[in-house]
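Everything below concerns the one structure shown next.
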Amino acid sequence: MADLRFDGRVAVVTGAGAGLGRAYALLFASRGAKVVVNDLGGGRHGDGSSSKAADAVVEEIKRNGGIAVADYNSVVEGDKLIKTALDNFGRIDILVNNAGILRDRSLAKISDQDWDLVHNVHLKGSFKTTQAAFPIFKKQGYGRIIMTASNSGLYGNFGQANYSAAKMGLVGLANTVSIEGAKSNIFCNVIVPTAASRLTEDILPPELFEQLKPELIAPVVAYLCHESCQENGSIIESAAGWAGKCSIFRANGSLLRNAIEEGVTVEAVRDRWQKVTNVADSTRLDSIQDATGALMASLEGLNGGNRENEGDEQPDVYEFTSKDIILYALGVGTSLGNENELKFLYENHETFESLPTFYIMPAMQALFSSTAISKSVPGKEIGLESILHGEHFIEILEDLPQEGKLVSKTKVTEVLDKGSGAAIVCDVETFNENGQLLFRNQCVTFAVGAGNFGGPRTGIKAVSCQPKPKRKPDLSLSHKTNIDQAALYRLSGDNNPLHIDPNMARLGGFETPILHGLCTLGISVRLVLSAFASHDTKLFRSVKARFVKPVIPGQTLRVDMWREGNRILFETSVAETNTVVIGGAYVDLKSVKLTKPIKMPAASENLTSDAVFEFIIDQVKADPKRAKSIGGVFLYNITKNGKQAKQWTMDLKNAKVYEGKPEGKPNTTLTISDEDFMLMSEGKLNPQTAFMKGKLKITGNIMMAQKLAPLLKANAKL
Ligand code: NAI
Numbered sequence: 001m002a003d004l005r006f007d008g009r010v011a012v013v014t015g016a017g018a019g020l021g022r023a024y025a026l027l028f029a030s031r032g033a034k035v036v037v038n039d040l041g042g043g044r045h046g047d048g049s050s051s052k053a054a055d056a057v058v059e060e061i062k063r064n065g066g067i068a069v070a071d072y073n074s075v076v077e078g079d080k081l082i083k084t085a086l087d088n089f090g091r092i093d094i095l096v097n098n099a100g101i102l103r104d105r106s107l108a109k110i111s112d113q114d115w116d117l118v119h120n121v122h123l124k125g126s127f128k129t130t131q132a133a134f135p136i137f138k139k140q141g142y143g144r145i146i147m148t149a150s151n152s153g154l155y156g157n158f159g160q161a162n163y164s165a166a167k168m169g170l171v172g173l174a175n176t177v178s179i180e181g182a183k184s185n186i187f188c189n190v191i192v193p194t195a196a197s198r199l200t201e202d203i204l205p206p207e208l209f210e211q212l213k214p215e216l217i218a219p220v221v222a223y224l225c226h227e228s229c230q231e232n233g234s235i236i237e238s239a240a241g242w243a244g245k246c247s248i249f250r251a252n253g254s255l256l257r258n259a260i261e262e263g264v265t266v267e268a269v270r271d272r273w274q275k276v277t278n279v280a281d282s283t284r285l286d287s288i289q290d291a292t293g294a295l296m297a298s299l300e301g302l303n304g305g306n307r308e309n310e311g312d313e314q315p316d317v318y319e320f321t322s323k324d325i326i327l328y329a330l331g332v333g334t335s336l337g338n339e340n341e342l343k344f345l346y347e348n349h350e351t352f353e354s355l356p357t358f359y360i361m362p363a364m365q366a367l368f369s370s371t372a373i374s375k376s377v378p379g380k381e382i383g384l385e386s387i388l389h390g391e392h393f394i395e396i397l398e399d400l401p402q403e404g405k406l407v408s409k410t411k412v413t414e415v416l417d418k419g420s421g422a423a424i425v426c427d428v429e430t431f432n433e434n435g436q437l438l439f440r441n442q443c444v445t446f447a448v449g450a451g452n453f454g455g456p457r458t459g460i461k462a463v464s465c466q467p468k469p470k471r472k473p474d475l476s477l478s479h480k481t482n483i484d485q486a487a488l489y490r491l492s493g494d495n496n497p498l499h500i501d502p503n504m505a506r507l508g509g510f511e512t513p514i515l516h517g518l519c520t521l522g523i524s525v526r527l528v529l530s531a532f533a534s535h536d537t538k539l540f541r542s543v544k545a546r547f548v549k550p551v552i553p554g555q556t557l558r559v560d561m562w563r564e565g566n567r568i569l570f571e572t573s574v575a576e577t578n579t580v581v582i583g584g585a586y587v588d589l590k591s592v593k594l595t596k597p598i599k600m601p602a603a604s605e606n607l608t609s610d611a612v613f614e615f616i617i618d619q620v621k622a623d624p625k626r627a628k629s630i631g632g633v634f635l636y637n638i639t640k641n642g643k644q645a646k647q648w649t650m651d652l653k654n655a656k657v658y659e660g661k662p663e664g665k666p667n668t669t670l671t672i673s674d675e676d677f678m679l680m681s682e683g684k685l686n687p688q689t690a691f692m693k694g695k696l697k698i699t700g701n702i703m704m705a706q707k708l709a710p711l712l713k714a715n716a717k718l
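According to my numbering, the stretch in the sequence shown is residues 1 to 718, in order.
In structure tokens form, the structure reads like this:
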């Protein structure tokens, strides 16, 4: 690759008469930049002045064949430095705010002068030079700015209160300059150096001092100032030939109340302090939008029946051997009839392994033995017989053991009031014996007759289902279940007599015992993996599915599949009756490994968001009253690769949703990319965050748009 050059660029480096600034100036000049070498030439504590320091560096640059001019002004008179650049070279492209002094004293001894001088040189000086250069950068649509902070600011250091405060002030200054400049291609970053110089000669240990040459940091600053570097608003620490980005992390924290109308008590804060301060559970925040977006998402938890502060269940221990893995595999129809499946059935096979859905078993055991579900609805005891398994999600996070002990923790995260019943969202996290989180299951159950308890109707915690695409399936595979399928599957741990005892089945309202929904899911995922992952379970990331109707053992399952990138959407039907039994389902793979080539339709034919609009059409048809209660006419502009790709109208006044523009003027127009729309409908992108980040643009009646949220969540029907 070509060398990174600065030909034609003009760089102003402040405090370039010594130390780090000198190294920056020499490097810029050696790579073709014209350099303004600014230095007041004062003492380490900001006393005196001399032209010597700047002159010496200018001489050195010229001796090496470079172009440079000296500037002896104090950075506090920033406009003079910038004028020097313009007078001598006619432009300025790069500004490195580097000048600095120290006046170290413990807090009690810092005089006003110690405070003011340090703040003037570091913070005000950087502000004045940056402010003078900014309009020029803006006009030319290009600029690179560096602020120089210090570990002393990021972490504090004894005896440097004035210096630490000024240095941290520079981080704040850079944060805002980087935002104000971004759209004009003006990028501003912070360097946090540690280098041998006169500022550190009596601070750093002598053996380290030798290793910390400023020349080892200069290339980092130069790269940040190159036109090819797109970094903006970052804090980069560098020393001794190493560099790394520093970021702000915030603990995911804890809600301090259980409902939006409740206040916060001091005791509630005390009781949740451990969670408030647990930074092991944290999120990286890159912007004020991230910070407020995350906060708003947690507040939504209050509206969604927040359960996060309720006591966790006792962990459940699941012990298993290769025999359990094989029994499960047989239970979901794995057969020696397919030579690729031998590895799931023979413990001495060189790549013996479990099907990923086997790891639903520990979660189900934990759920069965927990009281989480039975006590989840206030004032009601829910019996297991009234529970229907509505949806399931499993996500594998680490390599999985083939035998041993697993520890699962169950938690009800949300309880929704659906009128005729309650939808209970339960998360089960499973760990190995060392406490490492290996996988997580989420089970949404429907407790018949447990509704009308005054809880929220829609929530945010359940992983969303995704409607199938409109096109014909890319592939369909079938599997005929055995009449003894349920009898075999139940041995893996689900002993509900509904699946084996004809009397119990009749009591439950079925003519004959029915197959376990999770068995149908296991068979479906096995078929998806056979087609799109060449039976390689390591490629499996997660599966989400909604159970729609029961299957009778002996019936044939047909799994229709659609590939959308690494997501394989699928729908399982009973072939004999053409009845859908699993819907809204998808397997997410790490990558796709096709067993046989599959003809895919051209990518441009459909947008992924089409399926969500189709789903909304169905919802609105099913419950037009609800749509009308939202009211309003919404126009969606869906973009793809930055260009408008489709328009959809949601005329909720008249309960009509269709492709294209509305006849009259819409109340609200929303513009969003196809990808972000999908993320939002899956609950992975918070609408407020999307709005604040500029991913979702709304014109017209913004307040009205907020009413749309429940309709947009693909699982809102649950
Ligand atoms: P240095 O003392 O070798 O160089 C600083 C230069 O700034 C001096 O040549 C000085 O004459 C000049 N200067 C001081 N006040 C000025 C003013 N008002 N106007 C123009 N020039 C002025 O120090 P060093 O170590 O190279 O430091 C450079 C920057 O890096 C400073 O901002 C310092 O706070 C920062 N820094 C340095 C660290 C290190 O380990 N050396 C650690 C953390 C931050």
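We put the beta carbon where it would ideally sit given N, CA and C, even for glycine.
Secondary structure of residue i, DSSP reduced to three states
i           : result
residue 10  : strand
residue 635 : strand
residue 60  : helix
residue 286 : coil
residue 439 : strand
Proximity winner among the options, relative to residue i (alpha-carbon distances)
i           : options            : result
residue 624 : 183, 647, 595, 657 : 657
residue 35  : 41, 46, 87         : 87
residue 98  : 641, 15, 215       : 15
residue 327 : 581, 695, 489      : 489
residue 67  : 83, 116, 7         : 7
residue 459 : 107, 85, 145, 686  : 686
residue 63  : 29, 663, 526       : 29
residue 421 : 429, 388, 392, 411 : 388
residue 437 : 359, 134, 353, 482 : 359
residue 149 : 191, 186, 134      : 191
residue 137 : 173, 503, 9        : 9
residue 126 : 568, 543, 108, 174 : 174
residue 443 : 72, 409, 236       : 409
residue 433 : 694, 403, 288, 238 : 403
residue 439 : 375, 407, 425      : 407
Buried versus exposed call for residue i [16 or more other C-beta atoms within 10 Å across all chains shown]
i           : result
residue 182 : exposed
residue 479 : buried
residue 677 : buried
residue 279 : exposed
residue 512 : exposed
residue 5   : exposed
residue 269 : exposed
residue 719 : This structure gives no information on residue 719, because the portion of the chain shown stretches from 1 to 718.
residue 153 : buried
Beta-carbon proximity list for residue i, same chain, < 7 Å, skipping 5 on both sides
i           : result
residue 531 : 475, 477, 561, 595
residue 417 : 451, 452, 453, 454, 455, 456, 457
Pairwise C-alpha distance: residue j and residue i
i           : j           : result
residue 637 : residue 223 : 39 Å
residue 689 : residue 372 : 32 Å
residue 469 : residue 241 : 52 Å
residue 225 : residue 184 : 15 Å
residue 52  : residue 41  : 7 Å
residue 486 : residue 670 : 49 Å
residue 83  : residue 708 : 54 Å
residue 626 : residue 446 : 21 Å
residue 361 : residue 498 : 18 Å
residue 345 : residue 679 : 38 Å
residue 354 : residue 245 : 40 Å
residue 704 : residue 619 : 19 Å
residue 161 : residue 142 : 35 Å
residue 549 : residue 662 : 37 Å
residue 101 : residue 199 : 7 Å
Nonlocal neighbours in the same chain, by C-beta distance under 8 Å from residue i, ignoring five residues either side
i           : result
residue 601 : Note that residue 601 scores a pLDDT of 48, beneath 50, so its modelled location is shaky and nothing firm can be said.
residue 197 : 18, 19, 20, 214
Sequence-distant residues of the same chain with beta carbon closer than 6 Å to residue i, five excluded per side
i           : result
residue 249 : 282, 284
residue 22  : 16, 57
residue 508 : 498
residue 168 : 153
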